[in-house]
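Asker: At position 91 of the sequence shown (counting the first as 1) the number is 91 in full-length UniProt numbering, and the numbers step up by one without a gap.
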Amino acid sequence: IVSRSLSPLSLLLANTELSKLFMESSLSPSFRCCLICGAQTTSCHYGVDACRACTVFYRKARKKRLYACRWSTKRCTVREDGTFTCKRCRFDRFEQILRMSGANERLEKKAISQRITDLPSIPTPNIPPSQVTARPLLEKCALIYKMLSAMRRNSELNARPNPPHPSKINEEEYDILPCTYETMESSSRFLITGILDMACMLFPEYETLSKDEKWILAVNFYNRFYSFEAFYRADKKFSDDMDKMMGAYTSFLSVDVIDHFFDNCPNQRDNVEDAKSVFKKFISPGIPTARLAIRRANLDESEFLAILILTFWFSDCLYIRDEIVRIGERYRHEILRELQAYYREDLNMKDYAVRIGELFMLILNFDVTVLT
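(1) Could you tell me the distance, in whole angstroms, from the CA atom of T41 to the CA atom of T311?
(2) With DSSP run on the structure shown, which of helix, strand or coil describes C86?
(3) Are the segment 295 to 305 and the segment 170 to 189 in contact at 8 Å, needing three or more beta carbon pairs?
(4) Determine the extent of the alpha helix (DSSP H) in which L196 is found, giving its start and end residues.
(5) Look at Y67 and F94 and say whether their C-beta atoms are less than 7 Å apart.
(6) Counting C-beta neighbours from all protein chains within 10 Å, is the total for T133 16 or more, i.e. buried, or is it exposed?
(7) For A293 and V255, what's the separation of their Cα atoms in angstroms?
(8) Which of helix, strand or coil does DSSP assign to C34?
(9) Is N162 near L318, with beta carbons less than 7 Å apart?
(10) Take I313 as the anchor and find which of D212, G328, F190 and C44 has the nearest alpha-carbon.
(11) Just the C-alpha distance for L191 and F225, rounded to the nearest angstrom, thanks.
(12) Output yes or no for whether 7 Å exceeds the beta carbon distance between L305 and L138.
(13) Got a sec, what are the start and stop residues for the alpha helix (DSSP H) S277 sits in?
(14) Under DSSP, the beta strand (DSSP E) around F252 begins and ends at which residues?
(15) Along the chain, where does the alpha helix (DSSP H) that runs through C44 open and close?
(16) When the Cα atoms are used, what is the spatial distance from S149 to D351?
(17) With H, G and I counted as helix, E and B as strand and the rest as coil, what does DSSP make of M361?
(18) Roughly how many angstroms separate the alpha carbons of G215 and Y206, rounded to a whole number?
(19) Judging by CA-CA distance, which residue of A142, E345 and N264 is the nearest neighbour of C179?
(20) Got a sec? Which residues, its chain only, sit under 8 Å from E17 by beta carbon, not counting five neighbours each side?
(21) Taking Cβ positions, are L78 and R90 nearer each other than 7 Å?
(22) Under DSSP, the alpha helix (DSSP H) around S149 begins and ends at which residues?
(23) Is the number of C-beta pairs between the segment 269 to 284 and the segment 324 to 341 that are closer than 8 Å three or more?
(24) Nearest-angstrom Cα distance between F231 and L308?
Here is the structure:
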């Protein structure tokens, strides 16, 4: 399992999960189990049994800024299919194996001063697996939102006059350019189309609605979600510049951008200067205010996904059937139940009612300050 190990093999076997993988890998001299994801492999990298996929990932990850945990728990399961595996937990798993084997002492030490600071460390509650509340809606939403984000990113970047190389797109190595009228228009079409697909995958009942009802719900969600996500992602992309927001998934918007925003607008008329003036007057105070609200809320990924679901079913002011309203009430109740379980079991939070109240106030404030 460990070649030229600098620490006793018994230290490696002390970990129950690793012990199981050791037993499985010892059955065959040619095929062993990757100690990171459990896949069958004949490879040995960095002195430990690690498949090529995990090794390539680790080599790249060591050169980048440290990832944040998808669920903010650092307890995500690392599977053979790494498509939707938490990158932080996969990286930590590899580091753990190297540390226990002593192999990391032979690796070149690399400065990590430029890595991003991870979310605050939270004590992990000692809850038996049988007592952990299932959270299917949050888990499903996480996967679908990731697919939606990838679709928007790929569509926008490939629509550029000089699109980046596909491998650079996949590695998130691209420039975030100033937003233009044409960029925002195409981005909006990508997003609203993606919302229609997302709703069908996330909410089975949505598929049974009429075409008009689907469109009403999708547009209502778009109007709320576009601005909220734009400020949420801007806080991650431009943490030191509170005067920017995401105008599209891969471009930013600020007061300085407005002078050239309408350059590629197909309807160039005499009122373009008036449009610029109104636009500046709207976003000049609006962006810093909304950015500050997001910064103070300090949402983690689970809370952001919960807000996504809650916002989709904020349909009380729409002219829709009572049956649809009841569907929305059921989903709001379900996501709040899962969110409470997350606070209680993962964060050891007792007074989570206050935090949930803060999330609702954040949603309502965005309705008032952004939508109006």
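All residues carry an ideal CB built from backbone N, CA and C; glycine is no exception.
Answerer: Let's see:
(1) Here residue 41 refers to the residue found at position 41 of the sequence shown. Here residue 311 refers to the residue found at position 311 of the sequence shown. Near 45 Å, if we compare the C-alpha coordinates of T311 and T41.
(2) Working through the sequence shown from its first residue, we reach residue 86 at position 86. Correct three-state label for C86: coil.
(3) no
(4) To locate residue 196, count along the sequence shown from 1; it is residue 196. Unbroken alpha helix (DSSP H) run through L196: Y181 to L202.
(5) Along the sequence shown, read from residue 1 onward, the residue named residue 67 stands at position 67. Along the sequence shown, read from residue 1 onward, the residue named residue 94 stands at position 94. No, the Cβ-Cβ distance between Y67 and F94 is not below 7 Å.
(6) By 1-based counting over the sequence shown, the position of residue 133 is 133. Counting Cβ neighbours within 10 Å, T133 comes out exposed, since fewer than 16 surround it.
(7) Taking the sequence shown and counting its residues from 1, the one referred to as residue 293 is at position 293. Taking the sequence shown and counting its residues from 1, the one referred to as residue 255 is at position 255. Rounded to whole angstroms, A293 to V255 spans 19 Å at the Cα level.
(8) Against the sequence shown, residue 34 aligns to sequence position 34. Residue state, collapsed to three classes: coil.
(9) For the purposes of this step, residue 162 is taken as residue 162 along the sequence shown, with counting starting at 1. For the purposes of this step, residue 318 is taken as residue 318 along the sequence shown, with counting starting at 1. For N162 and L318, no; Cβs fall outside 7 Å.
(10) For the purposes of this step, residue 313 is taken as the residue at position 313 of the sequence shown. Sequence check: residue 313 is Trp here, not Ile. For the residues D212, G328, F190 and C44, the minimum Cα distance to W313 belongs to G328.
(11) Along the sequence shown, one-based indexing puts residue 191 at 191. Along the sequence shown, one-based indexing puts residue 225 at 225. Approximately 10 Å, taken between the alpha carbons.
(12) Taking the first residue of the sequence shown as position 1, residue 305 is located at position 305. Taking the first residue of the sequence shown as position 1, residue 138 is located at position 138. Contact: yes.
(13) For the purposes of this step, residue 277 is taken as the residue at position 277 of the sequence shown. Here the alpha helix (DSSP H) through S277 covers V272 to A297.
(14) Here residue 252 is taken as the residue at index 252 of the sequence shown, counted from 1. Per DSSP, F252 belongs to the beta strand (DSSP E) from S251 to L253.
(15) Here residue 44 is taken as the residue at index 44 of the sequence shown, counted from 1. That residue, C44, is in no alpha helix (DSSP H); it is neither H nor E in DSSP.
(16) By one-based count along the sequence shown, residue 149 stands at place 149. By one-based count along the sequence shown, residue 351 stands at place 351. Rounded to whole angstroms, S149 to D351 spans 33 Å at the Cα level.
(17) As a first step, residue 361 is located in the sequence shown; it is residue number 361 there, counting from the start. Helix, per DSSP.
(18) In the sequence shown, the residue the question calls residue 215 occupies position 215. In the sequence shown, the residue the question calls residue 206 occupies position 206. The question names Gly, but residue 215 in the sequence shown is Trp. If you take the alpha carbons of W215 and Y206, they lie about 10 Å apart.
(19) The count along the sequence shown starts at 1 and reaches residue 179 at position 179. Out of A142, E345 and N264, N264 has the C-alpha closest to the C-alpha of C179.
(20) Along the sequence shown, read from residue 1 onward, the residue named residue 17 stands at position 17. Bear in mind that a pLDDT of 45 at E17, under 50, signals an unreliable position, so the number given afterwards is only what the model happens to contain. Result list for E17: empty, nothing under 8 Å.
(21) For the purposes of this step, residue 78 is taken as the residue at position 78 of the sequence shown. For the purposes of this step, residue 90 is taken as the residue at position 90 of the sequence shown. Looking at the sequence provided, one finds Val at residue 78 rather than Leu. Their beta carbons are under 7 Å apart, which means V78 touches R90 by this criterion.
(22) Stepping through the sequence shown from its first residue, residue 149 is reached at position 149. First-last of the alpha helix (DSSP H) with S149: P136 to N158.
(23) no
(24) Walking along the sequence shown from the start, residue 231 turns up at place 231. Walking along the sequence shown from the start, residue 308 turns up at place 308. F231 and L308: Cα-Cα distance of roughly 14 Å.
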